[in-house]
Amino acid sequence: RFFPNITDIPPWIKNNATSKAPWDAFNKFAGCRPGEKREGLSQLKQYFNHFGYIPNSPSNFSEDFDDELEKALKSYQQNFKLNVTGQLDDQTLQQIVRPRCGNADVINGTSSMNSGRSSSFHTTGHLHTTAH
Amino acid sequence: FSFFPGTPRWPSNRQDLTYSFLPANGLTDEVKAVFTSAFQKWSTVTPLTFTQVDSYSSADITIGFYTGDHGDGEPFDGVLGTLAHAFSPTSGRLHLDGDENWVVSGDVTKASVSTAVDLESVAVHEIGHLLGLGHSSVEDAIMYPSITSRTRKVELADDDIQGIQLLYGTNPNYNGSTTSNTQERESSGGDPRY
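In the order they appear, the protein sequences are chains D and P.
My numbering puts the first residue of the first sequence at 30, with every later residue one more than the last.
My numbering puts the first residue of the second sequence at 976, with every later residue one more than the last.
And the structure:
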């Protein structure tokens, strides 16, 4: 649907604008922690699989908040410069549900998105940099 | 900034690129002009040129709006969620989700519909992929992966320019500034760059 101008958006579109975006359902996982089992976590894993944070694509992801999901979360948080908690905190969920480009952030298991920084950079700061 | 694995780019003998629109979409000249403007952002800072042609089959870059499963293994998901995707060089394919409420002109930030998405903002980002850029962690950059609805971000950031100029070099006419209207840039927290 194209709108040459914002004033051209018809009323019926405005009335339907409250419909849920595809990833809004992930908000129900706020506060979910490693070790928990929640219905729908498999879909969140599919999200991370799609954008490259979980490399393998099994036929069925489990509903467990397992090590694989925690690792994906940490990598995601690092790429988006969020606090690297490995948990589904509010800040991370707000980022996850935002509209975005469909291209993956991590390709073939490698992310250069955040200058290839490892998580150790955030915990120890052992990276020498030169400002310019 | 980042590149695709293997750093694919358009070769030196293909720097004058053509683009064409999926005929079935029947896009208006006004919509096509949005892409012309988006291509110009990248041609301003590189030696690349972009010319619209009628022949869809022979164009270097093809642009189309699709809904749902459109045959490339990356189905679109309706309003919001995934907005668009594009392929690395030299595929040239740029696909946008036809279910979005695309705003072609006007101040999208004042749209009364919460799902309104600025077409040019997404087009500039996807063209970056077509040219070989991956995603960036710099929130101010065009190549940052996400964009909030009712947001306009069309000017290349330093991060985008550094990345694309590593691939293609600098436009000899580039004077070091692309921002003609600073109000079009999103505000930034000013993260330090290294």
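Idealized CB from N, CA, C, for every residue including glycine.
Values in this document were obtained by computation on a predicted structure and should not be read as measured data.
When you compare the CB of residue i with every CB in chain D, is at least one pair closer than 8 Å?
{"i": "histidine 1045 of chain P", "result": "no"}
{"i": "serine 1012 of chain P", "result": "no"}
{"i": "phenylalanine 979 of chain P", "result": "yes"}
{"i": "aspartate 1052 of chain P", "result": "yes"}
{"i": "valine 1028 of chain P", "result": "no"}
{"i": "valine 1079 of chain P", "result": "yes"}
{"i": "proline 1120 of chain P", "result": "yes"}
{"i": "asparagine 1156 of chain P", "result": "Reliability fails at asparagine 1156 of chain P, whose pLDDT of 41 lies under 50, so the model's placement of it is uncertain and the value that follows must be treated cautiously. With 8 Å as the cut-off, asparagine 1156 of chain P does not count as an interface residue toward chain D."}
{"i": "glycine 1056 of chain P", "result": "yes"}
Quick check: residue i and residue j, are their CB atoms within less than 8 Å of each other?
{"i": "tryptophan 1056 of chain P", "j": "proline 1050 of chain P", "result": "Just to set this straight, residue 1056 of chain P is glycine in the shown sequence, not tryptophan. Not closer than 8 Å, so no."}
{"i": "glycine 115 of chain D", "j": "glutamate 97 of chain D", "result": "no"}
{"i": "threonine 1021 of chain P", "j": "isoleucine 1139 of chain P", "result": "yes"}
{"i": "glycine 1039 of chain P", "j": "leucine 997 of chain P", "result": "yes"}
{"i": "valine 1006 of chain P", "j": "glutamate 1095 of chain P", "result": "no"}
{"i": "valine 1092 of chain P", "j": "asparagine 1076 of chain P", "result": "yes"}
{"i": "serine 86 of chain D", "j": "serine 71 of chain D", "result": "no"}
{"i": "glycine 60 of chain D", "j": "isoleucine 136 of chain D", "result": "no"}
{"i": "glycine 1067 of chain P", "j": "isoleucine 1102 of chain P", "result": "no"}
{"i": "leucine 1105 of chain P", "j": "alanine 1061 of chain P", "result": "yes"}
{"i": "alanine 50 of chain D", "j": "glycine 69 of chain D", "result": "no"}
{"i": "serine 104 of chain D", "j": "serine 140 of chain D", "result": "yes"}
{"i": "serine 1112 of chain P", "j": "asparagine 143 of chain D", "result": "yes"}
The beta strand (DSSP E) spanning residue i covers which residue range?
{"i": "alanine 1091 of chain P", "result": "1091-1093"}
{"i": "glycine 1039 of chain P", "result": "1036-1041"}
{"i": "threonine 993 of chain P", "result": "991-996"}
{"i": "threonine 1026 of chain P", "result": "1024-1027"}
{"i": "asparagine 108 of chain D", "result": "Note, asparagine 108 of chain D: premise wrong, no beta strand (DSSP E); alpha helix (DSSP H) at 96-108."}
{"i": "valine 1129 of chain P", "result": "First-last for valine 1129 of chain P: undefined, no H or E at that position."}
{"i": "asparagine 1076 of chain P", "result": "1076-1078"}
At the 8 Å Cβ level, is residue i part of the contact set with chain P, yes or no?
{"i": "glutamine 75 of chain D", "result": "no"}
{"i": "phenylalanine 150 of chain D", "result": "Low confidence applies here, because phenylalanine 150 of chain D scores a pLDDT of 32, under 50, leaving its location unreliable; read the following figure in that light. No, its Cβ sits nowhere closer than 8 Å to a Cβ of chain P."}
{"i": "asparagine 78 of chain D", "result": "no"}
{"i": "isoleucine 83 of chain D", "result": "no"}
{"i": "glutamine 116 of chain D", "result": "no"}
{"i": "lysine 110 of chain D", "result": "yes"}
{"i": "alanine 50 of chain D", "result": "yes"}
{"i": "phenylalanine 58 of chain D", "result": "no"}
{"i": "methionine 142 of chain D", "result": "yes"}
Among all the DSSP beta bridges, which residues are the ones paired with residue i?
{"i": "histidine 1060 of chain P", "result": "P:His1070"}
{"i": "threonine 1065 of chain P", "result": "None; threonine 1065 of chain P has no bridge partner."}
{"i": "valine 1083 of chain P", "result": "Beta-bridge pairing links valine 1083 of chain P to no other residue."}
{"i": "arginine 129 of chain D", "result": "P:Thr1057 and P:Ser1121"}
{"i": "leucine 1108 of chain P", "result": "P:Phe978"}
{"i": "asparagine 89 of chain D", "result": "Paired residue(s): none; asparagine 89 of chain D is not in a bridge."}
From which residue to which residue does the alpha helix (DSSP H) around residue i run?
{"i": "valine 1020 of chain P", "result": "1004-1020"}
{"i": "asparagine 78 of chain D", "result": "70-79"}
{"i": "asparagine 1148 of chain P", "result": "Note, asparagine 1148 of chain P: premise wrong, no alpha helix (DSSP H); not H, not E."}
{"i": "glycine 1138 of chain P", "result": "1133-1143"}
Using C-beta distances below 8 Å, list every residue in its chain close to residue i, excluding the 5 sequence neighbours before and after it, in chain order.
{"i": "histidine 1110 of chain P", "result": "Ser977, Met1118, Tyr1119 and Pro1120"}
{"i": "threonine 1024 of chain P", "result": "Gln990, Asp991, Leu992 and Ser1018"}
{"i": "valine 1028 of chain P", "result": "Thr993, Tyr994, Ser995 and Ala1034"}
Please list, in chain order, all residues of the same chain as residue i whose beta carbon is under 6 Å from its beta carbon, the five residues on each side excluded.
{"i": "glycine 981 of chain P", "result": "none"}
{"i": "phenylalanine 77 of chain D", "result": "Ile83 and Ala101"}
For residue i, which residues in the same chain have their Cβ closer than 7 Å to its Cβ, ignoring the five residues on either side in sequence?
{"i": "valine 1078 of chain P", "result": "Ala1086, Ala1091, Val1092, Asp1093 and Leu1094"}
{"i": "asparagine 56 of chain D", "result": "Leu122 and Val126"}
{"i": "glycine 1053 of chain P", "result": "Asp1074"}
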